[in-house]
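These notes concern the structure reproduced below.
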Amino acid sequence: MVTLTKILIVDDDREFRELIIFALRFTGLFAFGAASGDECLSLARLHMPDLILLDYDLHNINSNPVDELLKVDEKTASIPVIMLFEKSLQSEIQATNFERVSGFINKSESPDNITRQVIRYLLKAKKPNP
Numbered sequence: 049m050v051t052l053t054k055i056l057i058v059d060d061d062r063e064f065r066e067l068i069i070f071a072l073r074f075t076g077l078f079a080f081g082a083a084s085g086d087e088c089l090s091l092a093r094l095h096m097p098d099l100i101l102l103d104y105d106l107h108n109i110n111s112n113p114v115d116e117l118l119k120v121d122e123k124t125a126s127i128p129v130i131m132l133f134e135k136s137l138q139s140e141i142q143a144t145n146f147e148r149v150s151g152f153i154n155k156s157e158s159p160d161n162i163t164r165q166v167i168r169y170l171l172k173a174k175k176p177n178p
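Take 49 as the starting number for the sequence shown in this note's numbering and just add one per residue.
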């Protein structure tokens, strides 16, 4: 039985989210989206994606960073998170300690480039350690 790699894209920018979902689906990945932090938490618990692409600037309804909430929830703590960020926030991101994040992708990259970076991450994550 073949299982599809599930990727949750979380961004409040609907056009960007839909574009990335389309690009990832075009490569054969199962991609789906959430528009808010709270929707992300619900969908992550329900579908247990293999990877979450999360907008850096997104919080839940109580202004908590969504990546922190994912990591403290026993059910979602093991899901890797890659942060999507705007180029204007690059210096802020470099100055912040993100131990709980698996990587970063600049949102100004083309959808093809973002897809390539996601696939590279997935391939690297599946390689057994020697």
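Note that the Cβ used here is the ideal one computed from N, Cα and C, for glycine as well. A quick note: this is a predicted structure, and the numbers were derived from the prediction, not measured.
Buried or exposed, going by whether 16 or more other CB atoms sit within 10 Å of the CB of residue i?
i    : result
G85  : buried
A92  : buried
R65  : buried
A143 : Because the pLDDT at A143 is just 48, under 50, the model does not fix this residue reliably, and the value given afterwards should be weighed accordingly. Flag for A143 reads exposed.
R62  : exposed
L56  : buried
L171 : exposed
L52  : exposed
A173 : exposed
Closest by CA to residue i, which one among the options?
i   : options               : result
L94 : L102, A82, D103, Y104 : A82
P97 : T124, R65, I162       : T124
T75 : S150, I127, Q165      : Q165
Going by beta carbon distance, what residues of the same chain come within less than 6 Å of residue i, once the five residues before and after it are set aside?
i    : result
K155 : L132, E134
Cutting at 8 Å between CB atoms, please list the residues of its own chain near residue i, excluding the five before and the five after it.
i   : result
D60 : A83, S84, D103, L106
I69 : I57, A79, F80, G81
Going along the chain, which residues of its own chain have a beta-carbon closer than 7 Å to the beta-carbon of residue i, five neighbours each way excluded?
i    : result
K119 : A125, R148
T163 : A71, L72, T75
**Q.** 3-residue-minimum beta strand (DSSP E) runs that sit fully inside the stretch 82-113, ordered along the chain
**A.** Listed in chain order, the complete beta strand (DSSP E) runs (minimum 3 residues) inside the stretch 82-113 are 99-103.
Q) Where are the beta strand (DSSP E) runs, 3 residues long or more, that stay fully inside the stretch 50-78, in chain order? A) At a cut-off of 3 residues, the continuous stretches assigned as beta strand (DSSP E) that sit fully inside the stretch 50-78 are 54-58.
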